[in-house]
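Numbering (my numbering), first residue to last: 347 to 601.
So the structure is just underneath, and the comments pick up after that.
So, in structure tokens, the structure goes:
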């Protein structure tokens, strides 16, 4: 799993996972400056404080996601490749605003802060969910090789390969119902049940079968390592085409 407690490497400023920030009503909006995918990004200003946490920490060289949830306006703001500045602004490779009262997807072909053009935050495993005993959503994950294609609900892909042996962005996988979860710790069982019920959604290129979550000092990293024992063969691809109500909406038919 790509989340946990503490930092990695040791003595660094890099929390394990993708952090997010909930901002209070009235948080000032600041200018967005895009330096890579501006034509597929939502214009600012966004209510993202200049001290908002960055994935990997302030000195990170990786994806540098920044995620802000505005519960008062029911909006989600996400940046990729983000750095504060210059001045009262954020500079990022791309950025997206999501209306949390709507199921509308981004324009087809547009990226977001994720290669699949989806929101990152809804797919994160969060400690409070696990502590409550239920994760009621699919989980974001990455693969080291993907196809130059995307399937619903993804809107974008990031590959040069047309190989049908590789998964497209947006592909959903689920942990087989026959997989025995009884030998795992209770917290890990909550994650496994979500994998069986809601599955995983391929959202970015990265390490194979890396599921994403938010850092939290309450995670027990030793327990989370139990997830490493699950082989890829324990998952099966799911055809979600029968769930589509509108191809431009993330709303899904219920079984």
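Note that beta-carbon positions come from the ideal geometry of N, C-alpha and C, so glycine has one too.
Computed from a prediction, not measured in an experiment: that's the story for all the values here.
Leaving out five residues before and five after residue i in sequence, what residues of the same chain have Cβ atoms less than 6 Å from its Cβ?
| i | result |
| --- | --- |
| residue 376 | 391, 434 and 435 |
| residue 527 | 535 and 538 |
| residue 514 | 493, 495, 496 and 497 |
| residue 457 | 383, 386, 440, 463 and 502 |
| residue 330 | Absent from the model: residue 330. The displayed extent of the chain is 347 to 601, so no value can be given. |
Expressed to the nearest angstrom, what Euclidean distance is found between the alpha-carbon atoms of residue i and residue j?
| i | j | result |
| --- | --- | --- |
| residue 372 | residue 395 | 11 Å |
| residue 361 | residue 397 | 15 Å |
| residue 381 | residue 466 | 20 Å |
| residue 411 | residue 530 | 31 Å |
| residue 356 | residue 576 | 26 Å |
| residue 594 | residue 588 | 14 Å |
| residue 518 | residue 585 | 8 Å |
| residue 555 | residue 476 | 20 Å |
| residue 442 | residue 523 | 35 Å |
| residue 583 | residue 431 | 42 Å |
| residue 599 | residue 447 | 18 Å |
| residue 453 | residue 414 | 21 Å |
| residue 570 | residue 601 | 31 Å |
| residue 507 | residue 370 | 43 Å |
| residue 424 | residue 568 | 30 Å |
| residue 451 | residue 487 | 19 Å |
My understanding is that residue i touches residue j, with C-beta atoms under 8 Å, so please give their C-beta distance in whole angstroms.
| i | j | result |
| --- | --- | --- |
| residue 512 | residue 581 | Wrong, their Cβ atoms sit about 15 Å apart, outside the cutoff. |
| residue 549 | residue 469 | 6 Å |
| residue 557 | residue 481 | That belief does not hold up - the Cβ atoms of residue 557 and residue 481 are roughly 11 Å apart, past 8 Å. |
| residue 460 | residue 551 | Their Cβ separation, rounded to whole angstroms, is 10 Å, which puts residue 460 and residue 551 out of contact at 8 Å. |
| residue 393 | residue 374 | 7 Å |
Here's a check: name, in chain order, each residue in its chain whose Cβ is nearer than 7 Å to the Cβ of residue i, leaving out the five neighbours to either side.
| i | result |
| --- | --- |
| residue 562 | 351 and 473 |
| residue 597 | 449 and 591 |
| residue 516 | 462, 496, 497, 498, 499, 500, 547 and 548 |
| residue 545 | 484, 518, 519, 520 and 584 |
| residue 417 | 368 |
What is the DSSP secondary structure of residue i, reduced to helix, strand or coil?
| i | result |
| --- | --- |
| residue 397 | coil |
| residue 460 | coil |
| residue 381 | coil |
| residue 413 | strand |
| residue 550 | strand |
| residue 368 | strand |
| residue 441 | strand |
| residue 562 | coil |
| residue 588 | helix |
| residue 429 | strand |
| residue 582 | strand |
Among residues of its own chain, excluding the 5 on either side of residue i, which ones have a beta-carbon nearer than 8 Å to its beta-carbon?
| i | result |
| --- | --- |
| residue 359 | 353, 403, 404 and 405 |
| residue 510 | 493 |
| residue 560 | 349, 363, 364, 365, 366, 470, 471, 472 and 473 |
| residue 525 | 538, 542, 576 and 580 |
Is it right to say residue i is buried, meaning 16 or more other beta carbons lie within 10 angstroms of its own, or is it exposed?
| i | result |
| --- | --- |
| residue 399 | buried |
| residue 401 | buried |
| residue 426 | buried |
| residue 505 | buried |
| residue 368 | exposed |
| residue 566 | exposed |
Taking 7 Å as the CB-CB limit, is residue i close to chain D?
| i | result |
| --- | --- |
| residue 472 | You won't find chain D in this structure, because it holds only one protein chain. |
Following a CB-centred definition, is residue i positioned closer than 6 Å to any heavy atom of the ligand ZN?
| i | result |
| --- | --- |
| residue 592 | For the ligand ZN, the structure offers nothing, since it holds no ligand at all. |
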